[in-house]
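> Under UniProt numbering, the first residue of the sequence shown carries the number 1, and numbering increases by one thereafter.
Mind looking over this structure? Questions follow.
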Amino acid sequence: MWNIILRRIMIMIPQIFLLSLLVFLMAKAMPGDALTGLLDPSIDPKALDEQRERLGLNNPWYVQYWDWIRNAAQGDFGQSFRFKMPVMDLIGQRISNTFWLALATLVFTYLIAIPLGIISGRYNDTWSDRLITGYTYLGFAAPLFIFALVMLWIFGFHFGLFPTGGSVAPGLTPGTFSYVASKFYHLLLPALSMALIATVSTVQYLRSEIIDIKHKEFVLTARAKGASESRVYNRHILRNSLLPIAAFFGYEITGLIGGTIIIESIFSYPGMGQLFLNSISLRDFSVVTALVLIFGIATILGSLLSDIILGLVDPRIRIK
């Protein structure tokens with residue numbers, strides 16, 4: 001198992017290098033640069049040209065890439081041109097919000113998906129199964145940003161049950177119970193909005209696994225030997241059905257990356273996703289490239305995590 005993990009990590013190194021190159025080239029292909037479109041019209045264009053020369057923005061792309069990747073390997077992604085602070089410090093202010101939002105979404109996703117998938121698979125072709133399947137069809141059809149906007153309008157603006165923006169109420173002291181409760185209260189609606197859409201694939205997958213395993217020979221044999229129905233489901237059907245779901249955990253993490261960007265923008269939630277969109281509109285390339293690289297590495301690590309979990313939960317499976 002450790003040899004497999006080591007081999008996958010060695011494969012990840014050129015993947016990350018190629019990702020960094022693509023990220024940098026795409027950022028350079030964007031129109032303008034960080035000094036384009038400054039709001040102050042009184043700035044002398046010659047001063048801007050001198051600033052570009054000083055910052056190395058006029059150097060060939062491969063020189064700029066080498067300087068960037070060399071500094072990034074040391075954890076230095078440069079300075080944010082718009083926020084006037086180091087990029088890693090800026091990301092550090094937002095990363096905790098995104099982490100807790102993603103964690104809450106994962107918890108809600110599995111708390112909702114696993115019971116619904118079990119009920120739908122165990123009692124397939126019943127009214128409960130039809131209702132759950134109808135919910136999943138609606139979830140597949142509804143775009144996340146539309147669903148999130150509807151949730152925000154209904155529970156945020158119309159009924160006023162949840163905050164409509166921010167990550168914590170102003171004036172609270174960090175570390176106090178009121179502060180922690182406010183943080184959880186602010187992320188509850190965004191996390192639920194994302195989880196209710198993220199559950200549909202897990203519910204359908206678990207339902208299909210349970211229905212398929214119910215007709216396997218070892219299940220029929222267990223029933224023929226007189227095993228109780230609860231024992232058949234708990235020890236044979238459910239246990240084997242949850243193995244792929246456990247392996248799917250890493251891919252759930254990668255799916256949250258795109259979801260948090262949309263959700264944070266809609267709910268004005270100050271995380272890395274909102275910072276990413278703002279940095280694109282502001283042409284803050286140093287922040288954009290750093291965030292895309294971080295998101296890409298997280299996606300690669302999520303894929304690796306899924307492979308590791310699959311090998312751990314089912315010793316019969318070994319990734320060659």
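Every residue gets a Cβ at the ideal spot worked out from N, C-alpha and C, and that includes glycine.
Since the model is a prediction, treat every value here as computed from it, not as a measurement.
Is the CB-CB distance between Thr-199 and Thr-133 below 9 Å?
Locating residue 199 in the sequence shown gives position 199, counting from the first residue. Locating residue 133 in the sequence shown gives position 133, counting from the first residue. For Thr-199 and Thr-133, no; Cβs fall outside 9 Å.
> Out of curiosity, what's the CA-to-CA distance linking Ile-309 and Gly-175?
Locating residue 309 in the sequence shown gives position 309, where the first residue counts as 1. Locating residue 175 in the sequence shown gives position 175, where the first residue counts as 1. Near 34 Å, if we compare the C-alpha coordinates of Gly-175 and Ile-309.
> Going by beta carbon distance, what residues of the same chain come within less than 6 Å of Ala-113, once the five residues before and after it are set aside?
Walking along the sequence shown from the start, residue 113 turns up at place 113. Counting only Cβ-Cβ distances below 6 Å, and skipping sequence neighbours, we find Thr-199, Thr-202 and Val-203.
> Could you check the C-alpha separation between Leu-39 and Phe-81 for me, to the nearest Å?
Indexing the sequence shown from 1 puts residue 39 at position 39. Indexing the sequence shown from 1 puts residue 81 at position 81. Residue placement at Leu-39 is flagged as unreliable, the pLDDT there being 47, under the threshold of 50; a coordinate-derived value is accordingly withheld.
> Give the straight-line distance between the Cα atoms of Leu-103 and Pro-190, rounded to the nearest whole angstrom.
As a first step, residue 103 is located in the sequence shown; it is residue number 103 there, counting from the start. As a first step, residue 190 is located in the sequence shown; it is residue number 190 there, counting from the start. Rounded to the nearest angstrom, the two C-alpha atoms are 12 Å apart.
> Should the segment 267–278 be regarded as contacting the segment 219–239, the criterion being three or more beta carbon pairs within less than 8 Å?
They do not touch, by the three-pair rule.
> Using the three-state DSSP reduction, which class does Met-194 fall into: helix, strand or coil?
Residue 194 sits at position 194 when you count from the first residue of the sequence shown. DSSP places Met-194 in helix when its eight states are reduced to three.
> Any idea if Leu-192 is buried or exposed, counting beta-carbon neighbours within 10 angstroms, 16 or more meaning buried?
Numbered from its first residue, the sequence shown carries residue 192 at position 192. It is buried - the Cβ of Leu-192 has at least 16 other Cβ atoms within 10 Å.
> Using the C-alpha atoms, what's the distance from Gly-271 back to Ile-95?
Counting from one through the sequence shown, the residue named residue 95 turns up at place 95. Counting from one through the sequence shown, the residue named residue 271 turns up at place 271. Each residue's Cα considered, the two are about 6 Å apart.
> Using the DSSP secondary-structure output, state which residues sit across from Met-85 in a beta bridge.
Along the sequence shown, read from residue 1 onward, the residue named residue 85 stands at position 85. Ser-80, per the DSSP bridge assignment.
> Give the single residue among Asn-3, Val-288, Ala-29 and Ile-211 whose Cα lies nearest to the Cα of Arg-122.
As a working note, residue 122 is residue 122 in the sequence shown. Checking every option, the nearest Cα to that of Arg-122 belongs to Ile-211.
> What are the boundary residues of the alpha helix (DSSP H) that Asn-71 is part of?
The residue labelled residue 71 in the question sits at position 71 within the sequence shown. Asn-71 -> alpha helix (DSSP H) spans 61–73.
> Would Ile-257 pass as a contact of Phe-295 if the rule is Cβ separation under 9 Å?
Reading the sequence shown from its first residue, position 257 is the one you call residue 257. Reading the sequence shown from its first residue, position 295 is the one you call residue 295. Cβ atoms of Ile-257 and Phe-295: closer than 9 Å.
> Whose C-beta lies closer than 6 Å to the C-beta of Leu-116 among residues of the same chain, with five residues either side of it excluded?
As a working mapping, residue 116 is identified with position 116 in the sequence shown. Counting only Cβ-Cβ distances below 6 Å, and skipping sequence neighbours, we find Ile-132 and Val-203.
> Since Tyr-137 is in the alpha helix (DSSP H), which residue starts that stretch and which ends it?
By one-based count along the sequence shown, residue 137 stands at place 137. Element bounds for Tyr-137: 127–141.
> So, is Met-85 buried or exposed, given that buried needs 16 or more other C-beta atoms within 10 angstroms?
To locate residue 85, count along the sequence shown from 1; it is residue 85. Met-85 comes out exposed.
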